[in-house]
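Report on one structure; see the data block that follows.
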Amino acid sequence: MKASGNMHGQLRVVQRWPFYLLPLIAALVVVEFFSGRSAGMAALIFLLLYLIFSLVWLFYWNNRITREIVEFASNFDRTQKAQMEELALPYALMSVTGEFVWMNKAFRAITEDKHYQKHICSIFPEVAERLPGPGESRSETLSFQDVAYQVDMKYLEAERPFISICMYDVTEHLEALTEIEDRKIVLGLIYVDNYEEVMKSTESVRQSLLAALIERKLNKYFSAYGGIVRKLDKDKFFFILTKKDLIRIQENRFSLLEDVKTLNIGNETAVTLSIGTGVDGDTIAANSEYARMAIDLCLGRGGDQAIVRTPEGSKFYGGKTQQQENNTRVKARIKAQALRELLVTKDQILVMGHKLSDIDSVGAAIGIYRAAKSLDKKTHIVLQDVTSSVRPLLQRFNGNPDYPEDLIVNRERALELLDDNTTVIMVDVNRPSYTECPELLNRAKSIVVLDHHRQCNEMVKNPTLSYIEPYASSACEMVAEILQYFADNLKLRPIEAEAIYAGIVIDTNNFMNKTGVRTFEAAAYLRRCGADMTRVRKMFRERMEDYRAKAETVSSVELFEGCFAFGVCPSKGIESPMIIGAQAANDLLDVIGVKASIIFTEYQDQIYISARSIDEVNVQLIMERLGGGGHLSTAGAQLRGCSVEDAKSLVKETIHQMMEEGAI
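The numbering of the sequence shown is the UniProt record's numbering, which starts it at 1 and goes up by one.
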């Protein structure tokens, strides 16, 4: 409107410009009369002629110019309207509330049904709440009648404001992008987890046949999806396929993991695979690195699963079965020697477990303390909060003349002690955020990870030494094995052997869960070092308040889907309610019909979830969906910003979803 007013003012100046000179000419006439009568009369005649000319200009030429301008404007408006009407792009005007005011032929052709010509919601219901306001414009990609459009909307300022809408058919463009996405190259690695064990359980004359059948099974599976497989080693393979085919494989949840287990020509052990896949990297090299990271994570989680690695993270498939125990101690001996070689070069050792440490965490830390002291290294255990579950154990070390007063240090003191020649050793945990002091890991130059939990997406970057064995029953079992190969002169004291033994007892629930041959061998070693079962049992005695809390937890149990026991552990007046919840979860597995127990504990503005099972349900997969982790039969998670009932609902929804997917 302002621009239109300016135009009118400029046109008025053009129309009246002769009259703007009249005062000047009149002044000249007066001056000429003072000069002389004849000059004045001549000037007056000129003034009269100029006045006549001005009047003619005003009433004739001016009107003619005005008519031509009006005619041009009218023709231009009709031309513009005709062009908008015939415009190939669908274009329309709407009121600010979304009602259509005008639309061109192309727009009407799309909305042939008059029902669609009333309101924008009849075409794109989703934009009703997203119409542009004053000074705004919006652009979205929407679909109507199986056609994809880029919809551009703009608010038009006027006395009566409108919203213009222009649509571009981008179907072919999006299809091209989809095709490019589908054709992305996917790289993957396949490892036969238990190749040696399978071959040992097969007659020698049939071993080559079994190896050929495994290779044939892989080739047949991936060729059905348009991929190719190449053998790298006797138990390692490499494959290539497209992202479109990978999506199909993901929809079938990598059925190869189960198919390969059906191979049986007399082998007593079923074949299991680890599959690591890399996709969506910027380059082929990036996808190759993702595949390597994925296969490493597979092996760190116990194998028998597939992992798809992308820049955003990892997706897990399989992993439902318990990893078969490896009875060889070669790996433990190699890791023990590597740990010794590392510690020899360091001046100081800091050992820490997870937050709210349990006996397995503290027992493993004490074992590492003894290993480091055998090398005469200054060693400290980082422990912030002493829970009731570990207090009886630590009381045996406090004030003991055989141990320094600063054996246990808090986070602040640990950060003060840390220097460039210090090694930080994580025990019973592999997630940085779950440790007693994550900041230690950020500052430390050398980090060692010793854990028996399955790895997840969150892990320590570039540790100096990593020993993660999901087959192990506990961190204390792993440490007991390491100590046997660490040094010939290493001798555990009975108090230390009992601490490590107690950790094994706790994590195996008195040797009933995840107990293998090596578990009993570790226990036998600790017994030889002087561990006394009576003293260990006394450490496990509970306070009456804790015993009542456990009974209250069991009494609160409700069954979900007929086999999942959900309970709530009270925390008021209880020093370590998470420990009570975990113990109650273990006890509930003795109930007939219970396949898994899940206990919720609200403590310090968090919901702690303890999940336990025997062998029918992989609770670790459930907890991973909630950001936690653990083992097939022992897992947990922590939730913030929700109530116990909210946490229950979330777990139920997760279980429902996983049952529909066939993930559990």
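For glycine and all other residues, C-beta sits at the position ideal for the given N, C-alpha and C.
Under three-state DSSP, which class holds E458?
Along the sequence shown, one-based indexing puts residue 458 at 458. Coil, per DSSP.
Where does I461 land, buried or exposed, given buried means 16+ other C-beta within 10 angstroms?
Stepping through the sequence shown from its first residue, residue 461 is reached at position 461. It should be noted that the sequence gives Lys, not Ile, for residue 461. Result: exposed.
Through-space distance from L218 to P494, alpha-carbon basis:
Translated into the one-based positions of the sequence shown, residue 494 becomes position 494. Translated into the one-based positions of the sequence shown, residue 218 becomes position 218. Straight-line Cα distance between these residues: approximately 52 Å.
For Y225 versus L241, is the C-beta distance shorter than 8 Å?
Walking along the sequence shown from the start, residue 225 turns up at place 225. Walking along the sequence shown from the start, residue 241 turns up at place 241. Yes, the pair counts as a contact, with Cβ atoms nearer than the cut-off.
To which residues does DSSP link Q395 through a beta bridge?
Taking the sequence shown and counting its residues from 1, the one referred to as residue 395 is at position 395. None, per the DSSP bridge assignment.
Going by Cα to Cα distance, which pick from P404, M103 and T97 is closest to Y91?
The residue given as residue 91 occupies position 91 in the sequence shown. It is M103.
C-beta atoms of A523 and Y547 nearer than 8 Å
Position 523 of the sequence shown, counting from 1, holds the residue named residue 523. Position 547 of the sequence shown, counting from 1, holds the residue named residue 547. For A523 and Y547, no; Cβs fall outside 8 Å.
Which same chain residues, not among the five before or five after D373, have their C-beta less than 8 Å away from its C-beta?
Start at 1 with the first residue of the sequence shown, and residue 373 comes out as number 373. According to the sequence provided, residue 373 is Lys. The question's Asp does not apply to it. Result list for K373: T379, in chain order.
Identity of the residue in L589, M167 and T141 nearest A109 by Cα
On the sequence shown, residue 109 is found 109 positions in, with the first residue counted as 1. For the residues L589, M167 and T141, the minimum Cα distance to A109 belongs to M167.
D451 by DSSP, collapsed to three states: which one?
Residue numbering aside, residue 451 sits at position 451 when the sequence shown is read from its first letter. Reduced to three states, the DSSP call for D451 is strand.
For P134, which residues in the same chain have their Cβ closer than 8 Å to its Cβ, ignoring the five residues on either side in sequence?
Walking along the sequence shown from the start, residue 134 turns up at place 134. Cβ within range, chain order: Y155, E157 and P161.
Determine, using beta carbons only, whether C437 and V382 come nearer to each other than 8 Å.
Start at 1 with the first residue of the sequence shown, and residue 437 comes out as number 437. Start at 1 with the first residue of the sequence shown, and residue 382 comes out as number 382. Cβ distance < 8 Å, so C437 and V382 count as in contact.
Report the rounded CA-to-CA distance for L650 versus F560, giving the unit in angstroms.
For the purposes of this step, residue 650 is taken as residue 650 along the sequence shown, with counting starting at 1. For the purposes of this step, residue 560 is taken as residue 560 along the sequence shown, with counting starting at 1. Roughly 13 Å separates the two Cα atoms.
Identify whether S54 lies in helix, strand or coil by the three-state DSSP scheme.
Taking the first residue of the sequence shown as position 1, residue 54 is located at position 54. In the structure shown, S54 sits in a helix (DSSP, three-state: H, G or I).
CA nearest to the CA of L356, picked from L339, E552, T387 and K377
Working through the sequence shown from its first residue, we reach residue 356 at position 356. Among L339, E552, T387 and K377, the Cα nearest to that of L356 is on T387.
Could you pull out every residue in the same chain whose Cβ sits closer than 8 Å to the Cβ of N400, ignoring the five residues on either side in sequence?
Counted from its first residue, the sequence shown places residue 400 at position 400. Only I495 meet the Cβ criterion.
G303, buried or exposed, once every other Cβ within 10 Å from all chains shown has been counted against 16
Position 303 of the sequence shown, counting from 1, holds the residue named residue 303. Burial call: buried.
In whole angstroms, what separates the C-alpha of K652 from that of R309?
The residue labelled residue 652 in the question sits at position 652 within the sequence shown. The residue labelled residue 309 in the question sits at position 309 within the sequence shown. Computed Cα separation, rounded: 27 Å.
Where Q145 sits in the DSSP three-state scheme:
Stepping through the sequence shown from its first residue, residue 145 is reached at position 145. Of the three classes helix, strand and coil, the one that applies to Q145 here is coil, per DSSP.
Under the DSSP definition of a beta bridge, which residues are partnered with T387?
Position 387 of the sequence shown holds residue 387. T387 is not bridged to any residue.
When A364, T141 and E498 are compared against R535, the one with the closest alpha-carbon
For the purposes of this step, residue 535 is taken as the residue at position 535 of the sequence shown. Comparing Cα-Cα distances from R535 to each of A364, T141 and E498, the minimum goes to E498.
Quick one: give me the first and last residue of the beta strand (DSSP E) that Q638 is part of.
Along the sequence shown, read from residue 1 onward, the residue named residue 638 stands at position 638. Counting along the chain, the beta strand (DSSP E) containing Q638 begins and ends at T634 to R640.
Answer yes or no: do K377 and K346 have a C-beta to C-beta separation smaller than 8 Å?
The residue labelled residue 377 in the question sits at position 377 within the sequence shown. The residue labelled residue 346 in the question sits at position 346 within the sequence shown. Against a cut-off of 8 Å, the Cβ pair of K346 and K377 comes out as a contact.
Determine whether the beta carbon atoms of I425 and V351 lie at a separation below 8 Å.
Sequence index remark: in the sequence shown, residue 425 carries index 425 (1-based). Sequence index remark: in the sequence shown, residue 351 carries index 351 (1-based). Yes; because the gap between Cβ atoms is below 8 Å, this pair is in contact.
Taking all protein chains shown into account, decide if H656 is buried (16 or more other Cβ within 10 angstroms of its Cβ) or exposed.
Indexing the sequence shown from 1 puts residue 656 at position 656. Exposed, because fewer than 16 other Cβ atoms sit within 10 Å of the Cβ of H656.
Report the three-state DSSP secondary structure of N6 (helix, strand or coil).
As a first step, residue 6 must be located in the sequence shown, where it is residue number 6. Model confidence at N6 stands at a pLDDT of 45, short of 50, so the residue's coordinates are unreliable; what they give is reported in the following sentence. The answer is helix: DSSP assigns N6 an H, G or I state.
State whether the segment 178 to 197 contacts the segment 270 to 288, with contact taken as three or more CB pairs (one from each stretch) at a distance under 8 Å.
yes
Does G300 come out as helix, strand or coil in the three-state DSSP assignment?
Within the sequence shown, numbered from 1, the residue matching residue 300 stands at position 300. Of the three classes helix, strand and coil, the one that applies to G300 here is helix, per DSSP.
C-alpha distance - M1 paired with A128, whole-angstrom precision:
For the purposes of this step, residue 1 is taken as the residue at position 1 of the sequence shown. For the purposes of this step, residue 128 is taken as the residue at position 128 of the sequence shown. Reliability of the predicted coordinates at M1 is poor, the pLDDT of 41 falling under 50, and the value obtained from them is presented with this limitation in mind. Approximately 29 Å, taken between the alpha carbons.
Rounded to whole angstroms, what is the Cα-Cα separation between T654 and V591?
For the purposes of this step, residue 654 is taken as residue 654 along the sequence shown, with counting starting at 1. For the purposes of this step, residue 591 is taken as residue 591 along the sequence shown, with counting starting at 1. Rounded to the nearest angstrom, the two C-alpha atoms are 23 Å apart.
Have a look at M539 and L393 and give me their C-alpha separation to the nearest angstrom.
Counting from one through the sequence shown, the residue named residue 539 turns up at place 539. Counting from one through the sequence shown, the residue named residue 393 turns up at place 393. Computed Cα separation, rounded: 7 Å.
For Q305, count the other beta carbons within 10 Å of its own beta carbon; 16 or more makes it buried, fewer makes it exposed. Which is it?
On the sequence shown, residue 305 is found 305 positions in, with the first residue counted as 1. The residue is buried, with at least 16 neighbouring Cβ atoms inside 10 Å.
DSSP has D169 in a bridge; who is on the other side?
Indexing the sequence shown from 1 puts residue 169 at position 169. Y149, per the DSSP bridge assignment.
For the beta strand (DSSP E) containing C476, name the first residue and the last one.
For the purposes of this step, residue 476 is taken as residue 476 along the sequence shown, with counting starting at 1. Where C476 is concerned, there is no enclosing beta strand (DSSP E), although the alpha helix (DSSP H) it sits in stretches over A475 to F486.
Segments assigned alpha helix (DSSP H), at least 4 residues, entirely inside the segment 161 to 220
171 to 182 and 195 to 200
Which same chain residues end up closer than 6 Å to L349 when comparing Cβ atoms and leaving out the 5 residues on each side of it in sequence?
Position 349 of the sequence shown, counted from the first residue, corresponds to residue 349. Inspection of the sequence shows that residue 349 is occupied by Ile rather than by Leu. If we look at I349 and ignore the five residues flanking it on each side, its Cβ neighbours are A372, K377, T379 and T423.
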